[in-house]
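Take a look at the structure below.
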Amino acid sequence: MRVMRYLALTMVLLCAALVAVACGGDEEAETAPTSTPTPAPAATPTPTPADAMMEPTEPTATPTPLPPGVTPPPPTPTPTSPPPPTATPIPGWDPAEHFNRKTIEINVGFSPGGGYDTFARLMAASLQNNIPGNPRFVVRNLTGGGGERIFRPTLVDGDPDGYAVAVVHPRFFKRELVGIDVPDFDPNTVKIIGTASAVRTTSAQYAFRDFATTWEEALAHGRDLRVGATERGDSGGIATAFMEMVGGPINNVYGYPGTSDIAAAFDRGEIDISNRGSPDTARSLFPEWIEQRQIVPLFYWGADPAHDREFTNYIVNELGAEIPPHLFDILDLTDEQKTLFSVTETINEGMSRVFIMHPDTPDHIYQFWVDAFRQNAHDDDFLELARIANREVGYLGPEDIVGVIADGTEALKDPVLREGFIELAGGVD
Numbered sequence: 122m123r124v125m126r127y128l129a130l131t132m133v134l135l136c137a138a139l140v141a142v143a144c145g146g147d148e149e150a151e152t153a154p155t156s157t158p159t160p161a162p163a164a165t166p167t168p169t170p171a172d173a174m175m176e177p178t179e180p181t182a183t184p185t186p187l188p189p190g191v192t193p194p195p196p197t198p199t200p201t202s203p204p205p206p207t208a209t210p211i212p213g214w215d216p217a218e219h220f221n222r223k224t225i226e227i228n229v230g231f232s233p234g235g236g237y238d239t240f241a242r243l244m245a246a247s248l249q250n251n252i253p254g255n256p257r258f259v260v261r262n263l264t265g266g267g268g269e270r271i272f273r274p275t276l277v278d279g280d281p282d283g284y285a286v287a288v289v290h291p292r293f294f295k296r297e298l299v300g301i302d303v304p305d306f307d308p309n310t311v312k313i314i315g316t317a318s319a320v321r322t323t324s325a326q327y328a329f330r331d332f333a334t335t336w337e338e339a340l341a342h343g344r345d346l347r348v349g350a351t352e353r354g355d356s357g358g359i360a361t362a363f364m365e366m367v368g369g370p371i372n373n374v375y376g377y378p379g380t381s382d383i384a385a386a387f388d389r390g391e392i393d394i395s396n397r398g399s400p401d402t403a404r405s406l407f408p409e410w411i412e413q414r415q416i417v418p419l420f421y422w423g424a425d426p427a428h429d430r431e432f433t434n435y436i437v438n439e440l441g442a443e444i445p446p447h448l449f450d451i452l453d454l455t456d457e458q459k460t461l462f463s464v465t466e467t468i469n470e471g472m473s474r475v476f477i478m479h480p481d482t483p484d485h486i487y488q489f490w491v492d493a494f495r496q497n498a499h500d501d502d503f504l505e506l507a508r509i510a511n512r513e514v515g516y517l518g519p520e521d522i523v524g525v526i527a528d529g530t531e532a533l534k535d536p537v538l539r540e541g542f543i544e545l546a547g548g549v550d
């Protein structure tokens, strides 16, 4: 029955993505909250693995060193490494009884089909392996406010019983980091469960071939390039937000509910360039972009493509394009500006899609969730589902995330760096 389970999850993700794309035309509209039950896992045979990838062409780009004073992020944890031992059970507390046939909500602040929604559904589809009592998982899409609507139902209005968690965007940690108050959210008291998507990869900004095939051709249009984003501080839009901040030819258009809506706007020609041409988004939402080789990368940031085989294979073999220049190579930047971008990027990578829960959750329930989440992030079923959904996995626990916050706090003691960071975090209109 495992094949049935994988097919069921794939259909749920595909249907959610199609609904989101169909409704993505109005950038000002807020999607109504939806509650989508996630199919329960069941034991079944392993599906046939996908065809092997073609050998990538050796990239021509050279690694871009970090600016002076910037510490490179820690290597991504290997998702197949065995998880640490679980905590000692609390005498008198039976997790199977506590979670017996309960409904567990996973609140997502973005529309269906994007990375936050997909990771929530992947977790929900496999968590029953590690949370006993046969609970029912429901993913709720609460769009609006750039992901802020998850906080009140998860951290304020709900009971601290472990029956509700949420996936938070790093922009809210970043804002609190520089003293900008986020209503109903306090990183010093919220219970951090962990993340399964702390992965350092190569990102790129894409254009349709009939618009431009290089950055120089894009500039030849003689106007600011329109880019779609959810809200100021969008981690996916860090590169173009940074470019606009330093005076580059970029016009960021905010207000889209999520990734699927931005991808649909890109497909319609409503925006000029987008990072939603990435392999995971394109494969799941607009596979014709790849099949017909409609898009090309204009520039990249993040990991060196020489160390990201998937990105290189995607660009060279699937899109039939060349590895583009690094962001730092197409702009005239100071060392301070490069440092600002690198620090912001490092914090984004370490705090991507962090799962949180009510600050008053009893310690034994919270610790059980931390252990279950960690085990699930290394679970073979979860890893296989993530592979099918074209999502890379990298686990970080609460202590790791707190360490990222501490490092960021130390770096932001520099007043110039702090001022720029506040703007990139969405704290300046």
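Residues 122 to 550, numbered by this note's numbering, are exactly what the sequence shown covers, in order. For glycine and all other residues, C-beta sits at the position ideal for the given N, C-alpha and C.
Short Cβ contact (8 Å threshold) for residue i with residue j
i, j, result
"Phe407", "Pro216", "no"
"Pro480", "Val311", "yes"
"Asp382", "Leu346", "no"
"Ser318", "Phe503", "no"
"Phe258", "Asp305", "no"
"Trp410", "Gly423", "no"
"Phe231", "Thr275", "no"
"Phe363", "Leu545", "yes"
"Gly283", "Ile543", "no"
"Thr239", "Arg512", "yes"
"Asn251", "Val229", "no"
"Thr380", "Gly518", "no"
"Val367", "Leu452", "yes"
"Val75", "Phe293", "The structure shown does not extend to residue 75, since the chain spans only 122 to 550, so no value can be given for it."
"Ala384", "Val417", "no"
"Val286", "Ile314", "yes"
Reduced DSSP category for residue i - H, G, I as helix; E, B as strand; rest coil
i, result
"Leu346", "strand"
"Arg330", "coil"
"Phe258", "strand"
"Lys295", "helix"
"Glu179", "Note that Glu179 has pLDDT 37, beneath the 50 cutoff, so the model's placement of it is unreliable and no number is given."
"Asn251", "coil"
"Ser318", "strand"
"Glu226", "strand"
"Ser232", "coil"
"Ile301", "coil"
"Gly515", "strand"
"Phe220", "coil"
"Ala546", "coil"
"Thr380", "helix"
"Thr323", "strand"
"Pro193", "With a pLDDT of only 43 at Pro193, under 50, the local geometry of the prediction cannot be trusted, and no value is derived from it."
"Val537", "helix"
C-beta neighbour in chain D for residue i, strict 8 Å
i, result
"Leu506", "In the structure shown, chain D does not exist; there is a single protein chain."
Segment limits, alpha helix (DSSP H) that includes residue i
i, result
"Ala114", "Nothing can be reported for residue 114: it is not among the residues displayed for the chain, which extend from 122 to 550."
"Tyr237", "236–247"
"Thr530", "519–532"
"Ile371", "Taken as a continuous stretch (DSSP letters only), Ile371 belongs to no alpha helix (DSSP H), being part of the beta strand (DSSP E) at 371–375."
"Phe363", "359–366"
"Trp336", "336–340"
"Asp501", "501–509"
For residue i, the nearest candidate out of the options (CA to CA)
i, options, result
"Pro256", "His219, Ala241, Arg242", "His219"
"Thr316", "Met478, Arg404, Leu452", "Met478"
"His342", "Gly515, Pro370, Ala360", "Pro370"
"Val475", "Gly515, Tyr327, His447", "Gly515"
"Ile227", "Phe294, Asn309, Ala241", "Ala241"
"Asp280", "Ala442, Ala527, Pro483", "Pro483"
"Asn373", "Glu391, Ala350, Gly267, Gly379", "Ala350"
"Ala360", "Asp528, Asp238, Ala498, Phe462", "Phe462"
"Asn469", "Ile509, Gly358, Met366", "Gly358"
"Phe332", "Glu391, Arg270, Ala424, Glu412", "Glu391"
"Ala328", "Arg414, Pro536, Tyr487", "Arg414"
"Glu540", "Leu263, Val299, Asp282", "Val299"
"Leu419", "Ala325, Ala427, Asn511", "Ala325"
"Gly267", "Val367, Val286, Pro291", "Pro291"
"Asp450", "Glu337, Thr224, Asp307, Val288", "Glu337"
"Glu457", "Leu538, Met244, Met472", "Leu538"
"Ile522", "Arg430, Gly471, Pro308, Gly234", "Gly471"
"Val260", "Lys459, Leu340, Gln249, Pro233", "Pro233"
N- and C-terminal bounds of the beta strand (DSSP E) containing residue i
i, result
"Ala477", "Strictly speaking, residue 477 in this sequence is Ile, with Ala absent from that position. Per DSSP, Ile477 belongs to the beta strand (DSSP E) from 475–478."
"Asn497", "Here Asn497 belongs to no beta strand (DSSP E); instead the alpha helix (DSSP H) covers 484–498."
Could you pull out every unbroken beta strand (DSSP E) segment of at least 3 residues lying fully inside the segment 389–471, listed in chain order?
416–423
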